[in-house]
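Just below is one structure, and these are the notes that go with it.
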Amino acid sequence: MAEFEPVLMARIGKPDATSLASYQADGGYDGLKKALSMAPAEVTDIVKASGLRGRGGAGFPCGLKWTFLPKDHPGPIYLCVNADESEPGTFNNRVIMEGDPHQIIEGIAIACRAIKAQTAYIYLRYEFGKSYRVLQNAIDECYAANLLGKNILGTDFCLDVYLHRGAGAYICGEETGLIESLEGKRAWPRIKPPFPAIEGLFRKPTIVNNIETLACVTHIVRRGVDWFRSMGVPPDPNNPRDPGSFGPKLYCISGHVNKPGCYELPLGVTARQLIEEQGGGVWKGRKVKAVVPGGISMGFLSADELDTPLDFSGPGKAGCLGLGTAAVVVIDDHTSMVDVLFNCCRFMAHESCGQCTPCREGTDWMRKILERIRSGFGKSKDLDLLMEVAGSMGIIPGTTICGLSDGAAWPVKNAIKKFRGEFEEYIAKGMKSELPVLVDAH
Ligand SMILES: Cc1cc2nc3c(=O)[nH]c(=O)nc-3n(C[C@H](O)[C@H](O)[C@H](O)COP(=O)(O)O)c2cc1C
Ligand code: SF4
244 MAEFEPVLMA RIGKPDATSL ASYQADGGYD GLKKALSMAP AEVTDIVKAS GLRGRGGAGF
304 PCGLKWTFLP KDHPGPIYLC VNADESEPGT FNNRVIMEGD PHQIIEGIAI ACRAIKAQTA
364 YIYLRYEFGK SYRVLQNAID ECYAANLLGK NILGTDFCLD VYLHRGAGAY ICGEETGLIE
424 SLEGKRAWPR IKPPFPAIEG LFRKPTIVNN IETLACVTHI VRRGVDWFRS MGVPPDPNNP
484 RDPGSFGPKL YCISGHVNKP GCYELPLGVT ARQLIEEQGG GVWKGRKVKA VVPGGISMGF
544 LSADELDTPL DFSGPGKAGC LGLGTAAVVV IDDHTSMVDV LFNCCRFMAH ESCGQCTPCR
604 EGTDWMRKIL ERIRSGFGKS KDLDLLMEVA GSMGIIPGTT ICGLSDGAAW PVKNAIKKFR
664 GEFEEYIAKG MKSELPVLVD AH
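Just so you know, the sequence shown maps onto residues 244 to 685 in this note's numbering.
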């Protein structure tokens, strides 16, 4: 990995890195100029050929998603930029928004050129005050330099970018919840189909992309497809549905490590490498008990699964939901998995929007069972009951509108399966949590 050269984080920390002048001195907006010299479909073809997969959690191929827009649509077509970033443990979008905002705005402009959108909305998590100020300043600089607005750089391409501060809920990051919220409504996810590419914001064709995905677009157009595909993991020849995992990735690492932070690495680094090399090892000389591979909604890897590659298919092969946001949270061997799981369930129960009965009731039922267990009153049948509830909720069993429910079920399924002995002992001995029993917000 020694030869890997960071790109997405390369300019972060340089003096004046957020200014347009400094960005342009480093070749900034050359990618946009290149995209403006091409037909929109050619730009889409480049992104498609790169194999870029969405960095927001689902890993859907980016260029392919752009081709789902109706052909020759008279418009308007919208780009919604997902900067809600509320998955626990995830802060990679914030790092690049605060540290190098122009690479994101350039990616937005290139994407809009490709999909023929003239309006983009950045939906920003409300709590990100610094990101808001830095991004708005970068947008203002672009308007003054004719990199946004009418007839950009003397071409027929026009683009307005609006920064919209979010409503402060996890569900606002789900793409159709985000669209509802942008329209001024409660962020209740929509039933799909129709998918946003056909009927999205204001019922018009819409693409939703994550901040990091769009930052990658900038560098793909500037440096080329071969550069992007030179990093990562090729498709699995035994799995025709695996498009591979190419490019650099921003991995967040937090929890019980010596050096928490955001690190840029090629896709496919193992959890062990990340913890030991970037994270500086587990704190206080302790051992790993469990690792969250990509936000809590992905579930857990156990200590003997640390050699799992953190590409788009690795965590799934180890029984997790997927790579998610690549936000790795390390849990040491002094920590109770009962407390960890209770915390996950409490979060999901609080964040469920309540539209679907299996999610609304299931998340809170799981929270209540775990609260009983950690209060010392668990019953031997509770573990099977938790598994039954978790197995009946989500898009995967086909009972809910959105993936929040799957993300609530997976930590439960993984924890009970991989750490069952610890839960059984806890219940059998009537152990009690050392942490305070929390009064629930509901
Ligand atoms: C409950 C929930 C929360 C989500 N939160 C985010 C988020 O904060 N940021 C994000 O980019 N995607 C989030 N997603 C995924 C989006 O729905 C969508 O797949 C993504 O923004 C698409 O962008 P990409 O293709 O560039 O990854 C969330 C999904 C779910 C189910
Ligand atoms: S799955 Fe949960 S969060 Fe998603 S729409 Fe249904 S109730 Fe709301």
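We put the beta carbon where it would ideally sit given N, CA and C, even for glycine.
Going by beta carbon distance, what residues of the same chain come within less than 7 Å of residue i, once the five residues before and after it are set aside?
{"i": "Ile-351", "result": "Leu-322, Val-324, Ala-363, Val-404, Leu-457"}
{"i": "Pro-477", "result": "Gly-487"}
{"i": "Arg-254", "result": "Ala-260, Asp-269, Asp-343"}
{"i": "Leu-629", "result": "Met-609, Ile-612, Val-655, Ile-659"}
{"i": "Ala-684", "result": "With a pLDDT of 40 at Ala-684, under the threshold of 50, the modelled position of that residue is not reliable, and the figure given next carries that caveat. Answer for Ala-684: His-593, listed in chain order."}
{"i": "Thr-643", "result": "Cys-599, Pro-601, Cys-602, Met-636, Gly-637"}
{"i": "Asn-389", "result": "Ile-395, Leu-396"}
{"i": "Leu-678", "result": "Asp-582"}
{"i": "Ala-412", "result": "Ala-430, Glu-594"}
Residues in the same chain with beta-carbon distance under 8 Å from residue i, minus the five sequence neighbours each way, listed in chain order, please.
{"i": "Lys-393", "result": "Cys-401"}
{"i": "Leu-391", "result": "Ile-348, Ala-352, Ile-382, Cys-385, Leu-402, Asp-403, Val-404"}
{"i": "Lys-276", "result": "Leu-396"}
{"i": "Ser-280", "result": "none"}
{"i": "Ala-410", "result": "Tyr-369, Ser-424, Ala-430"}
{"i": "Phe-311", "result": "Phe-438, Ala-440, Ile-441"}
For residue i versus residue j, is the C-beta spacing smaller than 8 Å?
{"i": "Ala-561", "j": "Val-534", "result": "no"}
{"i": "Phe-471", "j": "Gly-487", "result": "no"}
{"i": "Leu-564", "j": "Gly-650", "result": "yes"}
{"i": "Ser-595", "j": "Thr-606", "result": "yes"}
{"i": "Ala-326", "j": "Tyr-369", "result": "no"}
{"i": "Gly-542", "j": "Lys-447", "result": "no"}
{"i": "Ala-260", "j": "Gly-342", "result": "yes"}
{"i": "Cys-505", "j": "Val-286", "result": "no"}
{"i": "Cys-495", "j": "Thr-333", "result": "yes"}
{"i": "Gly-522", "j": "Ala-569", "result": "no"}
{"i": "Pro-331", "j": "Ile-539", "result": "yes"}
{"i": "Val-500", "j": "Gly-528", "result": "no"}
{"i": "Gly-597", "j": "Glu-417", "result": "no"}
{"i": "Val-531", "j": "Asp-575", "result": "yes"}
{"i": "Gly-567", "j": "Gly-300", "result": "yes"}
{"i": "Leu-493", "j": "Asn-335", "result": "yes"}
{"i": "Lys-249", "j": "Glu-665", "result": "The sequence shown places Pro at residue 249, rather than the Lys named in the question. No, the pair does not count as a contact, with Cβ atoms beyond the cut-off."}
{"i": "Gly-274", "j": "Arg-408", "result": "no"}
{"i": "Val-460", "j": "Ala-354", "result": "yes"}
{"i": "Val-690", "j": "Ser-293", "result": "Any answer about residue 690 is impossible in this case: the structure gives the chain only from 244 up to 685."}
{"i": "Ile-422", "j": "Thr-449", "result": "yes"}
{"i": "Phe-590", "j": "Glu-614", "result": "no"}
{"i": "Pro-313", "j": "Gln-361", "result": "no"}
{"i": "Gly-302", "j": "Phe-555", "result": "yes"}
{"i": "Ala-278", "j": "Arg-356", "result": "yes"}
{"i": "Met-340", "j": "Leu-307", "result": "no"}
Span of the beta strand (DSSP E) holding residue i?
{"i": "Thr-261", "result": "No beta strand (DSSP E) contains Thr-261, which DSSP labels as neither H nor E."}
{"i": "Tyr-669", "result": "Run containing Tyr-669: none in the beta strand (DSSP E); it sits in the alpha helix (DSSP H), 663-671."}
{"i": "Val-324", "result": "321-326"}
{"i": "Thr-362", "result": "362-367"}
For residue i, report the span of its alpha helix (DSSP H) as first-last.
{"i": "Asn-336", "result": "335-342"}
{"i": "Asn-586", "result": "580-594"}
{"i": "Glu-614", "result": "600-615"}
{"i": "Glu-724", "result": "The requested residue 724 does not occur in the structure, where the chain is confined to residues 244 to 685."}
{"i": "Leu-629", "result": "625-634"}
{"i": "Val-290", "result": "283-293"}
{"i": "Asp-273", "result": "273-279"}
{"i": "Thr-643", "result": "Counting along the chain, Thr-643 falls outside any alpha helix (DSSP H), and DSSP gives it neither H nor E."}
{"i": "Thr-310", "result": "305-310"}
Counting only the same chain and skipping the five closest in sequence on each side, list residues whose C-beta sits under 6 Å from that of residue i.
{"i": "Tyr-669", "result": "Val-581"}
{"i": "Cys-305", "result": "Val-290, Leu-295, Gly-297, Thr-456"}
{"i": "His-419", "result": "First, the amino acid is wrong: residue 419 is Thr here, not His. Cβ within range, chain order: Pro-432, Arg-433."}
{"i": "Ser-676", "result": "Asp-582, Arg-617"}
{"i": "Gly-427", "result": "none"}
{"i": "Val-632", "result": "Gly-605, Trp-608, Met-609"}
Taking 8 Å as the CB-CB cut-off, is residue i touching chain B?
{"i": "Val-468", "result": "The structure shown contains no chain B; it is built from a single protein chain."}
**Study point:** Heavy atoms of ligand 2 versus C-beta positions, residues under 5 Å
**Key:** Pro-432, Ser-595, Cys-596, Gln-598, Cys-599, Cys-602, Thr-643, Ile-644, Cys-645, Leu-647, Ser-648
Exercise for review: Note down, one range per segment and in chain order, each alpha helix (DSSP H) of at least 4 residues found wholly within the segment 374-448.
Suggested key: List check, alpha helix (DSSP H) in window: 418-425.
Check your understanding: Taking only runs of the alpha helix (DSSP H) that begin and end inside the segment 524-585, which ones reach a length of at least 4 residues, in chain order?
Key -> 557-560
Point to revise | Completely contained beta strand (DSSP E) runs for the segment 442-502, where each covers 3 or more residues | key: 449-453, 491-498
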